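Reviewing the structure listed below.
Residue numbers (the numbering used here), protein chains in the order written: chain V, 0 to 396; chain R, 45 to 503.
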């Protein structure tokens with residue numbers, strides 16, 4: 000599909016009252032309500048060209064349907080990358096990843112993916128193409144419309160291409176992995192948060208063994224992921240081992256070859272779904288309250304006798320909790336009261352992974368934000384006929 | 045009616061309506077607008093909301109104003125109205141050290157925040173040159189940058205949550221942790237045309253272990269530009285990478301005794317922050333790049349005092365222009381970093397052909413130029429020539445693939461040039477956002493969008 004074909008398709012659907020679902024790599028299809036199929040599925044993966052890589056300027060422009068890993072592989076030929084941290088990055092498209100607003104665990108370190116977008120072009124519901132930003136790294140000319148579309152779940156417009164600033168690829172990557180007995184967790188988190196060399200990402204994980212380690216019998220563990228020069232990583236390793244030791248963490252394994260893969264597998268675990276018998280919730284909040292929030296959600300799942308896997312992003316405060324059962328029927332019986340309790344405890348926890356049928360009875364996004372009326376007005380103004388991903392986003396927008 | 049109602053709501057000491065009090069609010073640091081009908085100095089969000097309702101009832105435009113240091117008329121009352129000054133909402137409400145964030149009021153002076161949190165080993169990264177006087181609220185309005193945004197990013201990268209008052213006087217919050225549209229991201233940089241910010245949670249960064257500043261001098265400004273390209277192209281992102289040219293160096297040195305060579309064609313001021321080992325590596329790489337590009341001098345600041353002096357010269361550069369001419373006009377354009385030589389040549393040609401002295405002090409690492417055009421405001425021919433040259437520079441930046449503002453904003457002065465980079469469809473799409481937040485154009489009218497056309501009519 001070309002950009003012209005995309006805009007013409009949208010214009011026709013908008014005119015004829017047809018509803019359009021926007022699909023990239025469909026890696027985050029477990030988010031949002033389970034809705035009946037739209038009239039038209041608009042698949043963006045054909046828009047996969049890299050339009051420019053101005054590597055001396057550290058900028059690039061790529062069509063929205065290119066896969067995250069493919070774009071970074073191409074940029075890597077000139078030693079550059081964009082830190083878009085999404086699960087299944089080989090399959091995920093840049094347009095879909097940004098539209099879904101997946102914030103990523105390295106955002107405290109590099110900035111949010113949205114902060115690397117320096118310009119974009121979108122197709123509006125009526126087929127109009129609209130540009131904002133440009134190909135320069137600093138720009139305050141007009142409203143930064145890209146920010147509005149990023150995280151809008153395709154309900155306002157469809158990205159056709161995005162311009163990015165890029166970063167030099169770090170010289171080296173290293174993962175430090177250690178067992179994390181429950182009793183040591185709070186002390187370990189406190190130590191990690193104050194490490195002199197900030198990890199690019201840090202996770203405390205309970206469960207998710209099969210997804211991350213390939214074995215189900217893994218208990219709690221901590222994964223620190225560093226990026227930088229060899230010298231920096233050596234210092235980081237010494238500091239981190241010492242800090243974790245003080246917290247009572249017994250031993251630390253260094254992973255150099257395969258560190259990036261460990262990081263990727265951890266990201267993938269955020270949306271790892273047990274077919275028909277799991278729901279994964281995500282809850283944002285300040286890092287200092289993450290352990291407390293994780294505990295509340297974990298305990299609630301346990302009260303309903305559901306298996307619980309927990310992934311805690313130490314640096315950013317994101318909490319992922321997967322509730323599951325061995326048997327689909329038992330899961331169906333237990334999840335409804337559990338879901339209600341989770342929502343009572345944490346009204347803003349959102350479902351990010353599950354089968355459509357499993358989450359169908361539930362409102363997936365959680366409590367609406369205070370500015371929901373402005374968001375509804377925005378949807379009405381950008382997509383007055385409700386053509387784009389209607390009803391897919393929070394508050395039914 | 046307006047005055048009485050405002051006084052009833054806010055108290056007499058928070059409302060100014062005398063001509064001599066109002067006159068100063070017709071200006072920002074560059075432009076002149078219309079004397080407003082009133083100026084209010086609310087002390088709380090509740091008072092902001094009350095004053096918004098009154099102004100709207102009385103059909104008066106609402107103009108939020110920080111310290112008035114803007115350079116493109118963003119805070120001037122273009123057609124009168126009520127100016128909202130946040131001079132009394134200038135406090136740090138909370139510092140959350142564990143989560144490295146602070147809750148601040150919009151009238152807080154930028155630099156005061158970093159001073160406030162310094163003891164906790166933290167700082168607020170956006171550092172516009174005006175940071176000693178400009179406010180967080182104003183910085184949010186313009187998405188202010190500064191020398192250190194090369195690696196830390198501009199204001200928008202550091203805003204976590206906003207409390208806003210909309211055109212109806214309704215109060216709400218927007219947060220990056222909210223699921224929903226990123227209204228925070230759109231509000232930052234909207235120059236007060238969408239809502240009034242009454243408080244913000246901002247991100248704080250940990251002070252780096254080591255900060256190093258180097259100075260490199262060149263006999264040729266193009267060689268200095270090539271060195272900038274060399275550094276960025278080598279994948280080194282310093283925390284700041286600034287350039288000053290031969291016009292400005294003697295003036296700055298005379299004013300600040302910063303330690304700059306006065307006989308160089310251009311000087312690069314480079315800062316890197318991080319860990320000792322990294323700094324050593326950066327220094328080795330950058331020294332090589334400087335040498336390859338013909339640097340005549342390469343030296344490191346040996347002490348914190350020397351580092352501060354080097355920065356004081358750069359940040360105070362605009363004040364030194366008084367040694368060259370009675371007035372200056374500063375342009376703010378951005379080009380792709382590799383196009384700096386062509387952009388500087390365009391500045392030279394635009395000014396040289398009109399007999400205008402032009403100095404350059406700018407954020408070279410970002411490709412963000414700030415040509416300073418020297419003139420005498422009393423000479424109408426010079427004024428006309430400066431305006432022409434400024435427009436020519438702007439056109440040249442666009443032709444080089446750049447844009448018309450990197451950090452000062454569009455405001456009143458550049459709104460007609462927005463059509464140079466955006467189509468009517470692009471502008472009409474932006475105007476949809478305006479229609480959602482401010483359909484009656486009550487908030488900071490005549491800003492950003494081209495003159496003579498209501499936003500809804502852009503298309």
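A virtual CB, placed ideally from N, CA and C, is assigned to each residue, including glycine. Remember, it's a predicted structure, so these values are computed and weren't measured experimentally.
| message | Can you confirm whether the segment 152 to 168 of chain R touches the segment 406 to 415 of chain R when touching is taken to mean that 3 or more C-beta pairs between the two stretches lie within less than 8 Å? | response | Flag = no, the segment 406 to 415 of chain R and the segment 152 to 168 of chain R do not touch.
| Which word fits residue 260 of chain V, buried or exposed, when buried means at least 16 other C-beta atoms lie within 10 angstroms of its C-beta? | Exposed is the call here.
| DSSP on residue 154 of chain V, reduced to helix/strand/coil? | The answer is coil: DSSP assigns residue 154 of chain V none of H, G, I, E or B.
| Where does residue 200 of chain V land, buried or exposed, given buried means 16+ other C-beta within 10 angstroms? | Of the other Cβ atoms in all chains shown, 16 or more fall within 10 Å of the Cβ of residue 200 of chain V; this residue is therefore buried.
| said: List, from N- to C-terminal side, the beta strand (DSSP E) runs of 3 residues or more that fit wholly inside the segment 104 to 143 of chain V. | reply: 116 to 123, 128 to 132
| task | Anything in chain R within Cβ reach of residue 55 of chain V, meaning under 8 Å, just list it in chain order. | result | By Cβ distance, chain R contributes 273, 276, 277, 381, 382.
| Under the DSSP definition of a beta bridge, which residues are partnered with residue 374 of chain R? | R/416
| Using DSSP with H/G/I as helix, E/B as strand and the rest coil, what is residue 52 of chain V? | Strand at residue 52 of chain V.
| Straight-line gap, residue 112 of chain R to residue 334 of chain R (C-alpha atoms, nearest Å) | 39 Å
| message | Any contact between the segment 177 to 191 of chain V and the segment 299 to 309 of chain V? By contact I mean 3 or more CB pairs, one from each, below 8 Å. | response | no
| request: Taking only the alpha-carbon atoms, compute the straight-line gap between residue 390 of chain R and residue 249 of chain R and give it to the nearest angstrom. | output: 38 Å
| query | Do you know offhand how far residue 306 of chain R's Cα is from residue 263 of chain R's? | reply | 11 Å
| field | Residue burial classification, residue 175 of chain R (beta-carbon count within 10 angstroms, cutoff 16) | value | buried
| said: Any heavy atom of the ligand FAD inside 7 Å of the beta-carbon of residue 333 of chain R? | reply: Summarising the ligand content, the structure contains no ligands, and the ligand FAD is consequently not present.
| From which residue to which residue does the alpha helix (DSSP H) around residue 160 of chain R run? | Note, residue 160 of chain R: alpha helix (DSSP H), 154 to 161.
| Chain-ordered neighbours of residue 451 of chain R on chain V, where CB pairs are closer than 8 Å | 137, 139
| request: Taking residue 185 of chain V as the query, report the chain R residues whose CB atoms sit under 9 Å from its CB, ordered along the chain. | output: Residues of chain R passing the Cβ test: none, with the nearest at roughly 13 Å.
| request: Figure out for me which residue from V/320, V/248, V/114, V/165 has the closest Cα to the Cα of residue 205 of chain V. | output: V/320
| task | To the nearest angstrom, report how far apart residue 422 of chain R and residue 92 of chain V are at their CA atoms. | result | 58 Å
| When the cut-off is 8 Å and only beta carbons count, does residue 255 of chain R lie next to chain V? | no
| request: Go through its chain and collect everything with a Cβ distance to residue 185 of chain R's Cβ below 6 Å, but skip five positions before and after it. | output: 235, 236
| task | Check whether the segment 245 to 265 of chain V touches the segment 293 to 301 of chain V, taking contact to mean three or more Cβ pairs, one atom from each stretch, closer than 8 Å. | result | no
| request: Report, in whole angstroms, the separation of the C-beta atoms of residue 291 of chain R and residue 351 of chain R, which I expect to be a contact under 8 Å. | output: Rounded, the Cβ-Cβ distance is 24 Å, inconsistent with contact.
| said: Which residues in chain R have a C-beta closer than 7 Å to the C-beta of residue 129 of chain V? List them in chain order. | reply: At a C-beta separation below 7 Å, residue 129 of chain V has these neighbours in chain R: 469, 470, 473.
| task | May I have the straight-line CA-CA distance separating residue 501 of chain R from residue 477 of chain R, to the nearest angstrom? | result | Since pLDDT at residue 501 of chain R reaches only 40, below the 50 mark, its modelled position is unreliable, and the value read off the structure follows with that caveat. One Cα belongs to residue 501 of chain R, the other to residue 477 of chain R, and the distance between them is close to 14 Å.
| said: For a contact defined as C-beta to C-beta under 7 Å, what are the partners of residue 134 of chain V on chain R? | reply: 380, 445
| Alpha-carbon to alpha-carbon, residue 452 of chain R and residue 26 of chain R | The displayed coordinates of chain R run from 45 to 503. Any statement about residue 26 of chain R would go beyond what the structure contains.
| query | From this set, R/279, R/385, R/201, which residue's C-alpha is nearest residue 266 of chain R's C-alpha? | reply | R/385
| field | Host beta strand (DSSP E) of residue 320 of chain V (start-end) | value | 318 to 323
| query | Who are residue 342 of chain R's beta bridge partners in DSSP? | reply | DSSP lists R/260 as the beta-bridge partner residues of residue 342 of chain R.
| query | Can you tell me the Cα-Cα spacing of residue 259 of chain R and residue 313 of chain R, whole angstroms? | reply | 5 Å
| said: Using 8 Å as the cut-off, can you tell me whether the segment 68 to 87 of chain V makes contact with the segment 1 to 8 of chain V, which would need three or more C-beta pairs spanning the two stretches below that distance? | reply: no
| Proximal residues to residue 276 of chain R (C-beta, below 7 Å), its chain only, five neighbours per side dropped | Only 381, 409 meet the Cβ criterion.
| So with Cβ pairs under 8 Å, would you call residue 479 of chain R a contact of chain V? | yes
| Helix, strand or coil: which one does DSSP assign to residue 13 of chain V? | DSSP places residue 13 of chain V in helix when its eight states are reduced to three.
| Using a beta-carbon distance below 8 Å, is residue 497 of chain R in contact with chain V? | At residue 497 of chain R, the pLDDT of 47 sits below 50, so the modelled position is not reliable and the matter cannot be decided from this model.
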